[in-house]
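These protein sequences, in sequence, are chains A and B.
Okay, so the first sequence: first residue is -4 according to this note's numbering, each after it adds one.
Okay, so the second sequence: first residue is -4 according to this note's numbering, each after it adds one.
Yeah, the Cβ is synthetic: ideal placement off N, Cα and C, and Gly gets one too.
Only one structure is covered here, and it is reproduced in the block below.
There are 2 protein chains.
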Amino acid sequence: MSFFASRWVEAPDGVEELDAAMLAPGFKAAGVACGVKRSGALDLGMVRCDEPKPVSAALFTSNAAAAAPVRLSRERCDLGSLRGIVVNSGNANAATGGLGRDNAAWMQGAGAAACGAAVEHVAVASTGVIGVQLPMDAVKRGVADAGRALTDTGGLDFARSILTTDNGPKQCTLRHDGVTISAQAKGAGMMQPGFATLLAFIQTDAVIADAEPLLRRAADASFGRVTVDGQQSTNDSLFLQSNGASGRPLAGGLLEAVMLQLALELVVDGEGASRVAKVQVSEAASGEEAESVARAIANSQLVQTAVFGRDANPGRIIQAAGMALAGGDLPIGIDAVEADELGGDGFEVELGLRLGRGEHSAHVYASDLTYDYIKLNAEYTT
Amino acid sequence: MSFFASRWVEAPDGVEELDAAMLAPGFKAAGVACGVKRSGALDLGMVRCDEPKPVSAALFTSNAAAAAPVRLSRERCDLGSLRGIVVNSGNANAATGGLGRDNAAWMQGAGAAACGAAVEHVAVASTGVIGVQLPMDAVKRGVADAGRALTDTGGLDFARSILTTDNGPKQCTLRHDGVTISAQAKGAGMMQPGFATLLAFIQTDAVIADAEPLLRRAADASFGRVTVDGQQSTNDSLFLQSNGASGRPLAGGLLEAVMLQLALELVVDGEGASRVAKVQVSEAASGEEAESVARAIANSQLVQTAVFGRDANPGRIIQAAGMALAGGDLPIGIDAVEADELGGDGFEVELGLRLGRGEHSAHVYASDLTYDYIKLNAEYTT
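Have a look at this one:
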């Protein structure tokens, strides 16, 4: 078992890892290169459920400047029964106005034709640079190519076709108690809050009744707990599709474990990240207070550089907590901080802060802030 | 005139620049080295008004984990009539519990003796590492030495004695229409919000009636408008003292100009900063909306690295604005962004965003995010 690599993920016993190129039974996928990315790398992906009436759910960014494909998918799809999803990388189709909206709609229509599905059963997603129109000739060619390339071993090409600044694909195919689940995700920056900035696609042959609340709960405990730079994307999209072919339910905790491991891989692959920190805040007066303090610590550039520098600096943790509670009174000393792991050699480090104000707690996973973050983002251009 | 270097500062006509070592008439200052800083640099400062009943005002951080000297000065001083202020650098005396409080009180008492003033007329301030107790033997020696060293040309030593990671002192002595104003500030990180993270001291022989509202208004337009890393300090303190000796009022706009220029110098000297950006948000539905969007853009790591990289990347500006308005709808295109100066060679650059939602506007000044920020903060240790 190599997928569940983090000490912070609890997977159900007896999970078997399959070739990640294989999708869950009854699903096909493809990833092709159509020229949106100048590098010639894979940049257009498609995933399709063979079954005409799958159960699905989708969650999107709450960013007010949401991208055209997010708006279109929210408004023009039957999100509870998606068969196909078409994705491009290299261009976010965000802040692109009426033409961007038309292009997203065209991509949906072409995707529906390529999938053999009704338009409202096909969602669209994009990721990449903001504020530039999609090169539609390339996208048209890509959608047609991807439709022809759909295969039940297309998981790896699909996972590669959705990447931007990621160092590599994040995906898995797992079997447990007669049920298969496959998942592909991308994301390496602009992560936080709501649920993390990312694209993620999950397919399963399990029987799922209430897909939307199930997905939302699992997202709150996984993608909703990670941050790289405190930035929220215009394009976050998360899809779960199920065809029920196995006749069996998902084991409790399996979806959460898959999503948390993927979320942690996004943090680890956060732009330039070298370590990942779990920030645990306890003894807060309310859940909201615990949450806001944990996020303030996790997103503090001073804490993130201390994680990078292996500097067990409790003062910065207290300062960030005090900022989150500005106007109040938090007279705590450095004995309220647990930061021993910060100064050590570990890759996964835990930071703790006891507020001494009540019984609520919250945690967030964060990357560190490194020279490579600056390098990537000062040089990644329109 | 070399002090008013920024194109964004409007100083009254006819301001004359004096030797910055000279304080306003009737004030004395000193800066000595007592050993709080291991480097042997100046680390204990004192400023004193000769006049026994000056008019003064002070503003402090709203951080809930405020440092001991901030709490003590707020609670145990007659802030409307401060004669003396004692400051140490190299140690913040924050998150230091009951012993830290006692040490701040002792510093106040010793400062009062050295100044020849009643205890409640002497404030204390500290800046430096959080969570470490002050070395009181060193501080005792320093307070006594500083008291003996007080002189009307001590402005430069005083300005140097309050520095931490600053590249150099920020100060001025100006004369206008028969009135003199001198000021000294420090700050190069943990700047934002409320008013910026800093220590600043202003002395004048002008006649000032309502010092506190005057100082608050000027702070809102200057130190309250700058950010380096979105972090709020535990130790922010801002003091204005006036002895009225000139018999004349301050010219309108002079205090604001002095404080804005000092605030911009803090941004320019922000840890590792290479450029300073003025973020202007217009056409917002409310003043609060304009403010929150401007701060979201100014504090975005993605925008700050784009400023560093001279990358005119309008998408990141729209993304940050959309995040500030999460849950709402902001369907704007990149034509709403003015980012031309970003890609140029200028040191002071202006960024603009029109929200198209109303008539309110706000601006914030921000540093960029550079390799040197990481270097300074990953290596600056307890």
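Within chain B, the residues that residue i reaches when beta carbons sit closer than 8 Å
i: A:Phe342; result: Correct list: empty, because the minimum Cβ distance to chain B is about 16 Å.
i: A:Phe446; result: Chain A is shown from -4 up to 377; residue 446 of chain A falls before or after that span and cannot be answered.
Within chain A, partners of residue i - CB distance below 8 Å
i: B:Arg311; result: Ile125
i: B:Leu337; result: Chain A residues near B:Leu337: none, gap ~11 Å exceeds 8 Å.
Per-residue burial, residue i [other beta carbons within 10 Å of its own, 16 or more giving buried]
i: B:Ser281; result: exposed
i: B:Arg352; result: buried
i: A:Gly189; result: Residue confidence for A:Gly189 is low, a pLDDT of 38 falling below 50, so the modelled location carries little weight; the figure read from the coordinates is stated next. Buried, because 16 or more other Cβ atoms sit within 10 Å of the Cβ of A:Gly189.
i: A:Gly317; result: buried
i: A:Glu286; result: buried
i: B:Ser(-3); result: exposed
i: B:Asp363; result: buried
i: A:Lys23; result: buried
i: B:Ala0; result: exposed
i: B:Ala109; result: buried
i: B:Thr222; result: buried
i: A:Thr148; result: exposed
i: B:Glu284; result: buried
i: A:Pro47; result: exposed
i: A:Ala208; result: Looking at the sequence shown, residue 208 of chain A is not Ala but Pro. Counting Cβ neighbours within 10 Å, A:Pro208 comes out exposed, since fewer than 16 surround it.
i: A:Glu336; result: buried
i: A:Gln187; result: The predicted model places A:Gln187 with a pLDDT of 44, which falls under 50 and marks its position as unreliable; any figure quoted below should be read in that light. The residue in question, A:Gln187, is buried, as its Cβ has 16 or more Cβ neighbours within 10 Å.
i: A:Asp8; result: exposed
i: A:Asp340; result: exposed
i: B:Gly182; result: buried
i: A:Glu260; result: buried
i: A:Ala424; result: This structure does not reach residue 424 of chain A, given that chain A is present from -4 up to 377, and the question cannot be answered.
Amino acids of chain B, ordered along the chain, whose beta-carbon sits closer than 7 Å to that of residue i
i: A:Thr229; result: Gln314, Gly317
i: A:Gly92; result: Gly328
Member of the options whose CA lies at the smallest distance from the CA of residue i
i: B:Ala291; options: B:Val274, B:Gly304, B:Glu278; result: B:Val274
i: B:Ser241; options: B:Phe218, B:Asp172, B:Phe(-2), B:Ala252; result: B:Asp172
i: B:Ala289; options: B:Asp306, B:Gly310, B:Ser356; result: B:Ser356
i: A:Arg305; options: A:Glu343, A:Arg220, A:Glu12; result: A:Glu343
i: A:Arg349; options: A:Leu194, A:Ala279, A:Ala133; result: A:Ala279
i: A:Ala89; options: A:Leu67, A:Gln103, A:Cys72, A:Ala16; result: A:Leu67
i: A:Gly123; options: B:Leu325, B:Gly341, B:Tyr368, B:Gln314; result: B:Gln314
i: A:Ala59; options: B:Gly323, B:Ser156, B:Ile327, B:Gly341; result: B:Gly323
i: A:Asp38; options: A:Leu259, A:Ala268, A:Ser121, A:Gln256; result: A:Ser121
i: A:Ala293; options: A:Ala180, A:Val82, A:His358; result: A:His358
i: A:Thr175; options: A:Phe153, A:Pro164, A:Ala252, A:Gln198; result: A:Gln198
i: A:Ser84; options: A:Ala52, A:Gly267, A:Gly104, A:Lys32; result: A:Lys32
i: A:Leu371; options: B:Glu251, B:Leu297, B:Arg211; result: B:Leu297
i: A:Leu13; options: A:Leu77, A:Ser177, A:Pro49, A:Ala206; result: A:Ser177
i: A:Arg96; options: A:Ala52, A:Gly30, A:Gly106, A:Gln128; result: A:Gln128
i: A:Ala392; options: A:Val42, A:Met17, A:Gly9, A:Ala36; result: In the structure as shown, chain A begins at -4 and stops at 377. Residue 392 of chain A is therefore absent and cannot be evaluated.
i: A:Glu5; options: A:Ile327, A:Gln256, A:Val263; result: A:Gln256
i: B:Ser34; options: B:Ser237, B:Thr160, B:Met254; result: B:Thr160
i: B:Ile329; options: A:Ala62, A:Asp152, A:Gly21; result: A:Ala62
i: B:Val27; options: B:Ala15, B:Gly142, B:Ala268, B:Asp231; result: B:Gly142
i: A:Leu379; options: A:Asn230, A:Ala252, A:Leu169, A:Arg243; result: Outside the shown range of chain A (-4 to 377) lies residue 379 of chain A, about which nothing can therefore be said.
i: B:Val134; options: B:Ala112, B:Gly106, B:Phe55, B:Ile125; result: B:Gly106
i: A:Met17; options: A:Ala52, A:Thr146, A:Leu346, A:His116; result: A:Thr146
Contact list for residue i against chain B, beta-carbon separation under 9 Å
i: A:Ala89; result: Gly310, Ile313, Gln314, Gly317
Interface residues of chain A facing residue i [CB-CB closer than 7 Å]
i: B:Asp324; result: Ala59
i: B:Thr300; result: Ile369, Asn372, Ala373
Chain-ordered chain A contacts of residue i [CB-CB under 9 Å]
i: B:Leu320; result: Asn58, Ala59, Ala60
Residue i beta carbon near the ligand SAH (any heavy atom closer than 7 Å)
i: B:Ala214; result: Summarising the ligand content, the structure contains no ligands, and the ligand SAH is consequently not present.
Legend entry - Short-range partners of chain B found in the segment 146 to 162 of chain A, where Cβ spacing is below 7 Å: Taking a C-beta cut-off of 7 Å against chain B, none of the residues of the segment 146 to 162 of chain A qualify.
Inset, instruction - Name, going along the chain, the residues of the segment 344 to 374 of chain A whose beta-carbon falls closer than 7 Å to a beta-carbon of chain B. - result: Residues Leu364, Thr365, Tyr366, Ile369, Asn372, Ala373, Glu374.
Inset, instruction - Output the residue ranges of the alpha helix (DSSP H) runs that lie fully inside the segment 109 to 175 of chain B and measure 4 residues or longer, sorted by chain position. - result: List check, alpha helix (DSSP H) in window: 131 to 144, 150 to 156.
Legend entry - Unbroken stretches of the alpha helix (DSSP H), 4 residues or longer, contained in the segment 8 to 67 of chain B: List check, alpha helix (DSSP H) in window: nothing returned.
Legend entry - Interfacial residues, the segment 252 to 279 of chain B to chain A, with Cβ spacing under 9 Å: With the criterion set as a beta carbon lying under 9 Å from some beta carbon of chain A, the segment 252 to 279 of chain B has no members that meet it.
Legend entry - Sequence ranges, beta strand (DSSP E) only - wholly within the segment 226 to 294 of chain A, length at least 3: Correct list: 232 to 237, 271 to 279.
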